[in-house]
Amino acid sequence: MQRVSSAPNKIFVLFNCQNRMLIQALQRLLPDSEVTGMSTHLFSLRQERGEIDSKVAADAFVFLPNGPTILGHHPSSELLPDVDPIMLNPIIFRGFHPDAVAVRKEQNGTALLAGLHSQIVHRGYERGLSETEIAAEFNEHTYRELGYFEMFQAEQKRLLAGFVDQGLEMGAAYNSWMRSSIFMRTTNHPKPHVIFDLAMALCKREGWAFDPERARYWRPMAEDFLLNDTNWPIYPDLAEELGFEGSFFFRLSGQSDVLTLPEFIRHELAYFKESGVPA
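Sequential numbering of the sequence shown, starting at 991, is according to the numbering used here.
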């Protein structure tokens, strides 16, 4: 039998780029609680600047499972709330965007370029292909060669198994996501209703009572704090396989307009060259 109790008075969330949507969702679900937090990256930066110089006060602390790795050797770890962390995995799903990957600055190095990049473009860059030749690589043959069509099923299995491992009831929520639309903007940028469902599952797991009618009201109204960040398309051949409509319009962080495939390839190649990525 699931335990139910009142929510903590103060909840502090230290998460990845999804943190603002998670904080928003928890605050909507638990209006009598004070929910604050920030990303692990911002927390470290603010501590370095001296903007955080005392331990964060909180009755509950929601943290990434890899948070200790991120902050473990940094002084900011000493400033975290003095309570046992409530571990929660962020939503990571490559099923729609298998071409979006991290790229190393050096072939055998560990340093990564900022953001996500196209594996197809990077492979073409390493081979010395022209922009036109790389554009021609965006086809069903290449996707099958790179295992993109198999990626969705593997990612779906991994995501659902991860929910079970965390004790989160998310099966019905996942089915609703698939019935509605493509639920990710890129591999680590879910749409707000996805994070709202994650917040509800967290509350249920922790026994924090919330009003279901309030949840139904706020879920479709959740603000999308990642809308103006990177939005990666699901490529047409991959989209057709999954029953969705695809495109080749890329929107990168900080840009007001989209890039076409040729424009995106040109941007990627220039960035690789400027960053010193070996060809």
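No residue lacks a Cβ here, since even glycine has one placed at the ideal position from N, Cα and C.
All values derive from a computational prediction rather than experimental measurement.
Taken atom to atom, the span from the alpha-carbon of Gly-1236 to that of Phe-1173 is near 13 Å.
Here Phe-1002 is near Ala-1048, since their CB atoms are less than 8 Å apart. For Leu-1032, no pairing in a beta bridge is given by DSSP. Taking a cut-off of 8 Å on C-beta distances, the stretch 1125-1135 does not touch the stretch 1259-1268, as fewer than three cross pairs fall below it. Boundaries of the alpha helix (DSSP H) harbouring Thr-1122: 1121-1126, taken from the DSSP string. Ser-1171 counts as exposed, since fewer than 16 other beta carbons sit within 10 angstroms of its beta carbon.
For the stretch 1151-1221, the full-length alpha helix (DSSP H) segments reaching 4 residues or more read 1161-1170, 1182-1196, 1202-1208 along the chain.
For Val-1073, no beta strand (DSSP E) run applies, since DSSP gives it neither H nor E. Judged by pairs of C-beta atoms under 8 Å, the stretch 1189-1207 touches the stretch 1016-1035, as three or more such pairs exist.
When C-alpha distances from Pro-1071 are compared across Phe-1053, Ala-1090, Val-1046, His-1183, the shortest belongs to Val-1046. DSSP, read as helix, strand or coil, puts Ile-1001 in strand. A direct Cα-to-Cα measurement between Met-1160 and Leu-1150 gives close to 8 Å. Beta-bridge pairing by DSSP links Gly-1040 to no other residue. Exposed is the label assigned to Thr-1122, since fewer than 16 other Cβ atoms lie within 10 Å of its Cβ. In this structure, the straight-line span from the alpha carbon of Ala-1229 to that of Gly-1137 is close to 15 Å. Non-local beta-carbon contacts of Thr-1132 in its own chain, meaning distances under 7 Å to residues more than five positions away in sequence, involve Ile-1110 in chain order. Contact between the stretch 1181-1194 and the stretch 1210-1217 is present, with at least three C-beta pairs closer than 8 Å. The residue from Met-1141, Pro-1055, Glu-1041, His-1107 with its alpha-carbon nearest to that of Val-1267 is His-1107. Taking all protein chains in view, the Cβ of Glu-1145 is crowded by 16 or more other Cβ atoms within 10 Å, so the residue is classified as buried. Note on geometry: alpha-carbon atoms of Leu-1192 and Ser-1120 lie some 48 Å from one another. Counting only the Cα atoms, Ala-997 lies some 25 Å from Lys-1181. Comparing alpha-carbon positions, the option among Ala-1199, Thr-1176, Val-1248 lying closest to Phe-1086 turns out to be Thr-1176.
For Phe-1051, the enclosing beta strand (DSSP E) begins and ends at 1050-1053.
Pro-1252: member of the alpha helix (DSSP H) spanning 1251-1264, first to last residue. If the five residues before and after Glu-1258 are omitted, its C-beta is found closer than 7 Å to the C-beta atoms of His-1107, Ser-1108, Val-1111, all from its own chain and listed in chain order.
In the DSSP assignment, Gln-1017 falls within the alpha helix (DSSP H) that extends over 1009-1019. Scanning its chain for C-beta atoms nearer than 7 Å, with the 5 sequence neighbours on each side dropped, one finds around Phe-1240 the residues Trp-1222, Pro-1223, Val-1248, Leu-1249, Phe-1254, in chain order. Shown here for Gly-1114: same chain residues with a beta carbon closer than 7 Å to its own, the five before and five after excluded, namely Glu-1123, Ile-1124, Glu-1127 in chain order. Annotation: the continuous alpha helix (DSSP H) that includes Tyr-1133 extends over 1130-1135.
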